[in-house]
Structures are given as C-alpha cells and as structure tokens.
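Only one structure is covered here, and it is reproduced in the block below.
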Ligand SMILES: Nc1ncnc2c1ncn2[C@@H]1O[C@H](COP(=O)(O)OP(=O)(O)OP(=O)(O)O)[C@@H](O)[C@H]1O
Ligand SMILES: [Mg+2]
Ligand SMILES: [Zn+2]
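Chains as they are written, first to last, in this note's numbering: chain W, 1 to 202; chain U, 203 to 567.
Here it is in structure tokens:
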C-alpha cells in the first residue's frame, strides 16, 4: 500500500521514511506521522535531533565492535568487569539482551553477523581475526559463544570452538533450554530434546 | 477426521463463501473455470498451509485485493479444532498467518493438524517425471505425519544450500567450514533417510497390494533408492555409509561446485515384473502404478495416525478408464471424508453429497 495521493508532500514523505524501518508497515507509519502532528513542536525537534545524534556520535568500539560514543567502550574499559571471560555475539544489539539478565559481568565481542556463504559471509567478513588477537593479548580463560540456535548460529559456534580451543582457552555455548513458564506439553520436540541433552545435576 | 465447515474470503475467485460439508464423499460439480479446483486448493491449504498449484502464495489472493483467508472447523478424535490461514500481500512480500483455535501459531505447529492427501492430474506423471516429484510425495506425507521430519528437512535444505554456496565461493573454500556443513548434512540427512526408508516399506506394501487388485497378472514393486546406499536401516550404518560417500565424492563436489551426495538426490524406484516402469511401462501401466501409489499414500497416512486424512481428488476420475475409476471410487467409499471435483457427476458417485459451483458461488445440489 502506498500513501494516499491526496496527502500533502511532507506527510507522504515522512510516511515513506517510517515505512522503511523494520517492523513498521505503511499503516503503522501513517499512525506515527499523525501522532507526531498532534504533538508540540519541541517533541518532534527532540526526536529529530536524537536520530541525528545517534548517527553522528555513535561508532564501533575498536576492541569489541559494540556501539559506543567513546572508544574503547565502557564494557572494555570498566575495571569492575571480569576480563577473564569474553561473550561472543552476532550483533551489537544482542549485548542489551544479555545485559538485561544482570548475571553476566564479563566482556563482549561482536562478530558483526554469522557465517553464511549464501549471503557471501565467511569468517573473513566477520571480526574473527580480531577475536583471535584479543585472546592472544587479553588471555581470557573462557569464551562464551552466544549465537542463535539456528543453522547459521550453530555453524558459527562450531567454527569458533574449533578455531579457538587450540589457543588454550575454554569455549562454551549457551545451553538450550525450555522457556520459563512454558509448558512441557507445548515445547517443540527439538527444544525438548536439546534441553534433555543439556540437563544438569540438582 | 472430518472437515465440517469451511469459510473463504477473497480466495481466488471467491469473494465470500461459507459452506457446511458432509462426511463421506463431497463432489464439487461445475463447468470449467468456475472455482472447483480453487475450493479444493483452499481445503488443502488448511492442512498443509501451502497451495498444491503454486509456490507464489500471493496468487491465491483475489485479484486486486490484499488479503485472502481460509478458515475451517474440523472434528478429530481429540475433539473439535478451528484452523485458519491468512495470506496478505504487502510492500515487503507476502505474509501468511496461521491460527489453531484462535491462537496464532508458527507454521510447524499448524502443519499436519488436518492431514490431507491430494491427487491431481499432474500426479499422473509421478512415474515418468523428475525424481523431485517422487521426493515431493515422500516429503509431503512425512512432514504432515511428523513435525520433526519437517524441521529436519528445513534444516537439511539450509545446510545443503550453505555448502553449495561455499563450494561456489572460490577456488579454495574454507575446509574447516566445509567439514562443519558436511557434519550437519550427515547428522540431519541420516534422520531423513531413516524416516524415508521406514515410510517406503509401508508404502510399498500397500501399493503392491492395491496394484494386485487393479492388475492381478502383473507385480508392482516399490523401493526406496537412497542416493547414499546403506545396508541395514540403523543410524550407525547410514552415518558410516554417508561419510564414506562424501569422502569419495569430495573432489567431484569441489570440481562441480555443487552438493552431489545426500537425500536431496533420493528417488523411488518402481518396477513392474522386475522391469523399470518409467522406461518400459505403457501409459496405462504407469497410470495404474500411480493410482496404486496414491491409494497407498492414503492408507499409510491413515494407519500411521489413527486418524484418516482428507482425500482430495482434482479432476482425476475423468482421466482414468472405467476399471481404474471404479478402483478409486472404492477407496473413496471407504474414506472418512473425501472431496472430488468433476464437470459431470460420475455414475459411481450418485449417492455422494453434491455441490454445484458457478462463478465462485456454491450451492448444494
Ligand atoms: N487470484 C484470483 N483472483 C480472481 N480469480 C481467480 C484468481 N485465481 C484464479 N481465478 C479464477 O478462477 C477460475 C478458475 O477456477 P478453477 O481453477 O477452480 O476452475 P475449475 O472450476 O476447477 O475449472 P476446470 O474444470 O477447468 O478445472 C478462473 O476463471 C480464474 O481466472
Ligand atoms: Mg479444475
Ligand atoms: Zn568495547
């Protein structure tokens, strides 16, 4: 669906810009635009400035490739964080999921994607070489590979474990589990089988 | 199982339709291009979530509109279930949403709730057509039968695509990565092969029995022809054979930059009195064998599940001669529920529940 033709230029233009964003379709885009039209000017100004500020001031950390204003980032420079573990994730946004758990206090390393030859992405396109260098210089004890349990996440995790283990570092993966509050009856068979394989002593 | 009601909205040439269906045989009668096959297609989509006529989902949406939906209520052993499938045309492609009892679910949870066996004129080429058609029969039956098969198949195909892309990526593909994809292909491919081996044994038994009724003087045999031959259907035997074959063919795979080994190249072999049907069979012999295979597919699906699948026949009765049509009608008569399209009422189906379809409107006849 494209914006109705009768709408004035700036409205149609903003609907069009919003529709380019992930998870936002044309209908949601139109709702956002009409919402903004009903708000005071300074709110719109603040939104526009925040968007530009993100682009102008946020960059990649040269050590771990997370998004940061200061290079190296706070995760890499905070002395209270445990430098003996590095958690490897596909995308910078995955850091926020792990931080929300509140139980991880080590450092991070963002790969910048997952291995997927179909998309032209091999180890050389990811920050794998930099990870190997960090292991040499920072001498961590453990690398936690926290990629998604899909085909690409699995292949990447296995690749990394075979590459890194010979460097004398322990490589671990996130355990697969059942969703908390979920019902055994409704777990799919593969999740259940993996959860069984990964069972622990009580 | 029995489909009690089906409701369509903007599906192909139907704007809205609400239809109560009977157990036993339901016949959809009408002139050409009125919507008989469209209705059958919609019913099949309630089971498989996919069209049996097209891989482009948007084609089922009524021309010029954006959203098509199919809903149905079925009675199963476990009770009544409400299913729906909605197809939406959007700026970023076509989207499908499935629900079971009003809850949105993923495809894997929708697939196989209502099991269906379809028989369409294109199936008459199952024997002389490409192997992909015969693998399609196995995949469709097994994915509906067990959702684990569906998940394995999806993962397997992904691993094969990734490996093929890696082989095409340059002169020296990353050996460590190639090994990782090969391990995934062996692990998941083995599950597919074991499931197929088991299924084809049952299919063969039923097909040979059905064929003996149709052509008592000829003997049909149906065999699974795995791309990786193995002795004894145990996991270890398959894995060992699979790994050995991959090693043997590694150079050829690298040279041709494609995946040559694994169940994506499996086939079914059909023989009549020990001679290959696709090469030596007459048209009539091939049709009889297809019919036996389809009857067997229905029987095995029914016996495996304790719940009879819906049997859907699009235009096939008119494609068969009298004796073969009678054999099929006998299967229809034994089915819990079946749907048949025809331009003229076949005499054997006088007793069936009849519907007349004219330009996307259906009336009980
Ligand atoms: N997306 C669509 N929107 C509107 N009409 C459609 C759509 N797709 C197909 N049709 C129409 O549906 C009609 C075909 O219906 P269908 O294939 O069910 O015919 P049929 O009754 O099975 O005929 P036959 O006896 O020839 O097989 C055609 O007129 C076709 O133009
Ligand atoms: Mg038709
Ligand atoms: Zn950092």
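Positions of the beta carbon are idealized from the N, C-alpha and C atoms, including for glycine.
Shorter than 7 Å from the beta carbon of residue 306 of chain U to some beta carbon of chain C?
The structure shown contains no chain C; the protein chains it does contain are W and U.
At which residues does the alpha helix (DSSP H) containing residue 395 of chain U begin and terminate?
That run of the alpha helix (DSSP H) goes 377-416.
Under 7 Å between C-beta atoms, does residue 22 of chain W make it to chain U?
Judged by the 7 Å Cβ criterion, residue 22 of chain W is not in contact with chain U.
Contacts around residue 1 of chain W, its chain only, beta-carbon distance under 6 Å, and the 5 residues preceding and following it disregarded
Any reading at residue 1 of chain W needs caution, since the residue's pLDDT is 47, under 50, leaving its predicted position unreliable; the model's value is listed next. When the five nearest sequence neighbours on each side are left out, the beta carbons in the same chain lying within less than 6 Å of the beta carbon of residue 1 of chain W are those of 26, in order along the chain.
Where residue 121 of chain W sits in the DSSP three-state scheme:
strand
In the structure shown, what three-state DSSP assignment does residue 35 of chain W receive?
Helix.
Chain U contacts made by the stretch 142-162 of chain W, where a contact means CB separation under 7 Å:
151, 155, 158, 159, 162
For residue 3 of chain W, does the three-state DSSP call read helix, strand or coil?
Any answer about residue 3 of chain W is weak, because its pLDDT of 47 lies below 50 and its placement is not dependable; what the coordinates show is given next. Residue 3 of chain W falls in the coil class under three-state DSSP.
Looking at residue 567 of chain U and residue 538 of chain U, is the spacing between their C-beta atoms short of 7 Å?
no
Using a Cβ-Cβ distance under 7 Å, would residue 86 of chain W count as near chain U?
Residue 86 of chain W does not count as touching chain U.
Answer yes or no: do residue 351 of chain U and residue 365 of chain U have a C-beta to C-beta separation smaller than 7 Å?
no
Who are the near neighbours of residue 160 of chain W in its chain, counting only those whose CB is closer than 6 Å to its CB and skipping five residues on each side?
In its chain, beyond the 5 residues on either side, 145 have a beta carbon closer than 6 Å to the beta carbon of residue 160 of chain W.
Quick one: which residues of the stretch 350-375 of chain U get their C-beta closer than 7 Å to a C-beta of chain W? List them in chain order.
Close to chain W, meaning a Cβ-Cβ distance shorter than 7 Å, are the following residues of the stretch 350-375 of chain U: 350, 353, 357, 360, 361, 363, 364, 367, 368, 371.
Quick check on residue 66 of chain W: does DSSP put it in helix, strand or coil?
Coil.
Rounded to whole angstroms, what's the CA-CA distance from residue 268 of chain U to residue 290 of chain U? Just pull it up for me.
6 Å
Let me check one thing: in DSSP terms, what residues is residue 220 of chain U bridge-paired to?
U/209
Pull every residue with its beta-carbon under 7 Å away from any heavy atom of ligand 2, and keep them in chain order.
Spelled out in chain order, the answer is U/238, U/239, U/516, U/517, U/543.
How would you call residue 346 of chain U, buried or exposed, if buried means at least 16 neighbouring beta carbons within 10 angstroms?
Residue environment analysis places residue 346 of chain U among the buried positions, since at least 16 neighbouring C-beta atoms fall within 10 angstroms of its C-beta.
For residue 133 of chain W, does the three-state DSSP call read helix, strand or coil?
helix
Unbroken beta strand (DSSP E) runs of length 3 or more, entirely within the stretch 511-548 of chain U: which are they?
512-516, 539-544
Is the beta carbon of residue 243 of chain U sitting closer than 7 Å to the one on residue 253 of chain U?
yes
If distances are taken between C-alpha atoms only, which option among W/28, W/127, W/162 comes closest to residue 293 of chain U?
Among W/28, W/127, W/162, the Cα nearest to that of residue 293 of chain U belongs to W/28.
May I ask you to list the residues that DSSP assigns as paired with residue 305 of chain U?
DSSP output for residue 305 of chain U lists U/302 as bridge partner(s).
Is the stretch 35-53 of chain W touching the stretch 106-122 of chain W in the sense that three or more CB pairs, one from each, lie closer than 8 Å?
no
If you pair each beta-carbon of the stretch 492-506 of chain U with each one of the stretch 459-466 of chain U, do three or more pairs fall below 8 Å?
no
For the pair the stretch 208-215 of chain U and the stretch 269-277 of chain U, tell me if three or more CB-CB distances fall below 8 Å.
At 8 Å Cβ cutoff, the stretches touch.
Inter-residue Cα distance where the pair is residue 540 of chain U and residue 437 of chain U:
Rounded to the nearest angstrom, the two C-alpha atoms are 38 Å apart.
With respect to the alpha helix (DSSP H) encompassing residue 426 of chain U, which residues constitute its N-terminal and C-terminal limits?
Note, residue 426 of chain U: premise wrong, no alpha helix (DSSP H); beta strand (DSSP E) at 422-427.
Let me know if residue 78 of chain W comes out buried or exposed under the rule of 16 or more other beta-carbons within 10 Å of its beta-carbon.
exposed
Starting from the C-beta of residue 302 of chain U, find all residues in its chain whose C-beta is less than 8 Å away, skip the five residues before and the five after it, and write them out in chain order.
Here the set comprises 283, 284, 285, 311, 312, 315.
Cut-off 6 Å between Cβ atoms - residues of its own chain near residue 448 of chain U, not counting five sequence neighbours on either side:
384, 463
Relative to the alpha-carbon of residue 56 of chain W, which residue among W/147, W/43, W/70, W/115 has its alpha-carbon at the smallest distance?
W/70
Any non-hydrogen atom of ligand 1 closer than 6 Å to residue 246 of chain U Cβ
no
Distance between residue 171 of chain W and residue 164 of chain W (C-alpha atoms, nearest Å):
7 Å
Chain-ordered chain W contacts of residue 379 of chain U [CB-CB under 8 Å]:
115, 117, 122, 123, 155, 159
Ignore the nearest five residues each way along the sequence and tell me which others in residue 309 of chain U's own chain have a CB closer than 8 Å to its CB.
251, 298, 300
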